[in-house]
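Everything below concerns the one structure shown next.
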Amino acid sequence: MSKITVIDSLMGSGKTSWSIQYINEATEENFLYITPFLDEVSRVINNTEREFTQPINKGKGKLTAINDMLARQEDIAATHELFRWLNKDSREFIENGKYTLILDEVLSVLEPLNVKRDNLKILLESQCISIDKNGYVVWNPCKHEYDTDFNDLKMMADNHSLICVNGALLLWKYPPEIFKLFDKIYILTYLFEASILHSYFDLHEIEYEYQSIRKENDHYDLVDYFKPDLSEVAAKMDIYEGKLNCSFTQKSGSLSKTWFTAERSKSDVAKLKNNLYNYIRNITNAKSDEVIWTTFKDAQSKLAGRGFTKRFIPCNCRSTNEFSNTSILAYCVNIYPHPGIINYLSQNNIYLDQDLYALSEMIQWIWRSRIRNGETIQIYVPSVRMRRLLYDWLEINKKAERKIID
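Here numbering that gives the first Met the number 0 is used: position 155 in the sequence shown is 154, and no number is missing along the way.
What follows is the structure, given as structure tokens:
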């Protein structure tokens with residue numbers, strides 16, 4: 000039996016409620032609860048019967064604070080961002096403390112860094128860094144005391160979490176050995192197979208098992224994995240089909256990150272802005288507090304319109320209930336994983352399903368709305384690729400546009 004359990008259940012099925020119940024019942028275990036947002040940290044602290052603590056910077060940084068807590072074997076609730084920076088001391092304390100990790104939503108374990116190629120060249124030529132046979136960046140011990148603009152990179156290299164891909168791209172990588180330090184690990188998510196963490200586990204041959212959540216008589220139980228029945232979800236989701244899904248949105252690459260920045264797309268981006276406005280104002284006649292919409296952060300200002308500008312939420316938003324009263328959605332993106340991540344994984348014979356990845360990101364965003372409460376929504380998905388993925392997931396075929404123009 001694997002010590003890592005992936006609890007793969009639809010959003011709103013009770014994964015967080017199960018974890019709080021489990022924490023209250025498992026009195027002999029030490030817990031580290033990691034979640035994306037501070038409000039979810041507060042939810043765990045306020046709803047468990049144990050004395051959870053939250054790392055607070057008292058002048059020496061939050062990492063020092065969490066290490067002090069780990070050394071005292073306290074129950075801790077913290078964010079994904081802090082969990083990223085666990086160091087050698089953290090690892091020793093976790094292993095000695097026999098901790099159970101509850102990871103709310105998948106952790107980002109591979110991230111491209113915005114380091115110019117010339118800066119990478121300078122670091123190599125000055126012999127501040129070298130690249131080992133596995134692609135890891137190694138900081139030269141003789142130059143470790145240098146105080147430069149690259150101190151963050153030095154910390155990543157010291158933490159064995161900096162990879163060089165094709166001599167051009169620096170990739171931050173979560174140290175896989177940390178997952179071996181916990182007595183038990185529970186990962187709360189949906190469509191785990193779509194995630195980069197799934198590919199990362201395959202890359203490092205980290206074993207795990209799937210389970211699902213079932214609620215009976217106000218008690219949450221882990222059961223054998225099953226796929227959820229989506230028929231009720233499909234009945235509550237009105238996906239727009241009409242002239243606002245115009246010709247330029249029917250190409251497979253339309254609304255991708257590079258599409259928004261291409262000079263040739265300027266006029267089409269302007270049309271998309273008008274279509275978005277028409278959908279919200281004329282098709283749905285929505286009030287501003289009923290709306291959420293998204294695109295890539297860099298394209299936000301290109302699509303923002305009067306009456307709904309402030310209702311933007313990022314396309315990678317997860318684990319928040321702040322918008323659970325909204326009923327009108329506009330999903331103006333076409334998601335692809337970063338090519339550097341795809342390249343790194345494929346070099347190691349690991350292949351990420353890019354369509355499934357895109358679907359997972361979209362579903363997580365949609366579930367910020369009131370559909371998580373079982374209520375109806377209307378949604379505008381102008382990208383034909385993303386709309387097809389949504390229809391296929393819901394097994395609705397009668398409306399889906401099957402032809403994609405390359």
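A virtual CB, placed ideally from N, CA and C, is assigned to each residue, including glycine. Predicted model, so just to flag it, every value in this text is computed and none were measured.
Beta-carbon contacts of residue i that lie in its chain and below 6 Å, excluding the five residues immediately before and after
i    : result
G11  : R371
I334 : A357 and E360
Y98  : N29, L31 and F181
L102 : I33 and I186
D228 : none
L202 : N347 and I349
Pairwise C-alpha distance: residue j and residue i
i    : j    : result
S16  : Y219 : 8 Å
N320 : E124 : 49 Å
D157 : G96  : 23 Å
S300 : I376 : 25 Å
N342 : S129 : 21 Å
K398 : E240 : For K398, the predicted structure reports a pLDDT of 47, less than 50, and the residue's modelled location is therefore unreliable. The matter cannot be settled from this model.
N324 : G373 : 11 Å
I19  : Y185 : 12 Å
D237 : D354 : 22 Å
W258 : I349 : 27 Å
V105 : Q210 : 15 Å
K2   : I121 : 43 Å
P35  : C316 : 10 Å
K296 : P313 : 7 Å
M154 : R90  : 15 Å
L393 : L351 : 22 Å
T4   : L100 : 10 Å
N45  : K61  : 21 Å
D405 : N284 : Model confidence at D405 stands at a pLDDT of 43, short of 50, so the residue's coordinates are unreliable; what they give is reported in the following sentence. Each residue's Cα considered, the two are about 34 Å apart.
R116 : N86  : 27 Å
V268 : V380 : 15 Å
L302 : T260 : 13 Å
S63  : I93  : Reading off the sequence shown, one finds Thr at residue 63, where the question assumed Ser. Cα to Cα, the separation comes out at about 14 Å.
D148 : Y189 : 39 Å
K14  : S230 : 21 Å
C245 : S266 : 13 Å
When the options are compared against residue i, the one with the closest alpha-carbon
i    : options                   : result
P175 : A167, E192, L190 and H197 : H197
D391 : A233, C163, E27 and A156  : A233
N274 : K296, T248 and E262       : T248
H79  : V40, I6 and K256          : V40
L271 : F36, I362, W292 and L243  : L243
W84  : I212, R367 and W171       : W171
A167 : C141, A329, T188 and G134 : G134
F30  : K286, V43 and S255        : V43
S264 : D237, A298, N284 and R305 : A298
Y224 : E208, D217, E262 and E231 : E208
V108 : K57, F149, L388 and I340  : I340
C331 : K256, R367 and N347       : K256
H143 : L190, D267 and Q126       : Q126
E27  : Q72, L62 and K14          : Q72
L187 : K61, L393, I6 and V383    : I6
N347 : F178, K296, A261 and N165 : N165
I205 : N216, L37 and F178        : F178
H337 : L190, D288, S230 and S194 : S194
Y173 : R116, Y145, F82 and S266  : F82
E24  : L37, E48, D38 and D146    : E48
S8   : V380, I378, W366 and Y379 : W366
One or two residues paired with residue i in a DSSP bridge
i    : result
D74  : F51
A329 : W292 and Y379
F30  : T99
W138 : I128
I3   : I184
T36  : Note on residue identity: the sequence assigns Phe, not Thr, to residue 36. Answer is none; F36 lacks a bridge partner.
Same chain, Cβ closer than 8 Å to residue i, five either side skipped, listed in chain order
i    : result
L169 : P111, L112, V114, L119, V136, L152, L161, I162 and C163
S368 : I291, F322, S323, T325, S326, L328 and I376
I403 : With a pLDDT of only 42 at I403, under the threshold of 50, the placement of this residue in the model should not be trusted; the figure read from the coordinates follows. So the list reads Q249, K250, S251, V383, R384 and R387, once near-sequence residues are dropped.
S287 : G306, F307, K309 and R310
Same chain, Cβ closer than 7 Å to residue i, neighbours up to 5 away in sequence not counted
i    : result
A77  : I33, V40, Q53, P54 and I65
V290 : I279, F307, R310, T325 and I327
I395 : A233
G304 : K272, L275 and Y276
E192 : L355
F200 : Y207
V222 : Q210, S211 and R213
M68  : T52, P54 and I75
W364 : T293, C314, C316 and Y330
N281 : none
S253 : F247, N333 and S382
E50  : D74
I22  : F30, T47 and R49
| Can you list the alpha helix (DSSP H) stretches of 4 or more residues lying completely in the region 228–298, in chain order? | 230–234, 256–260 and 265–277
| Fully enclosed by the region 150–224, which alpha helix (DSSP H) runs are 4 residues long or longer? | 150–157 and 195–202
| field | Minimum length 3: unbroken beta strand (DSSP E) runs contained in the region 72–112 | value | Whole beta strand (DSSP E) segments, 3+ residues: 74–78, 98–103 and 109–111.
| said: Please give me, in chain order, every unbroken run of the alpha helix (DSSP H) with length at least 4 that falls completely inside the region 300–362. | reply: The qualifying runs are 338–346.
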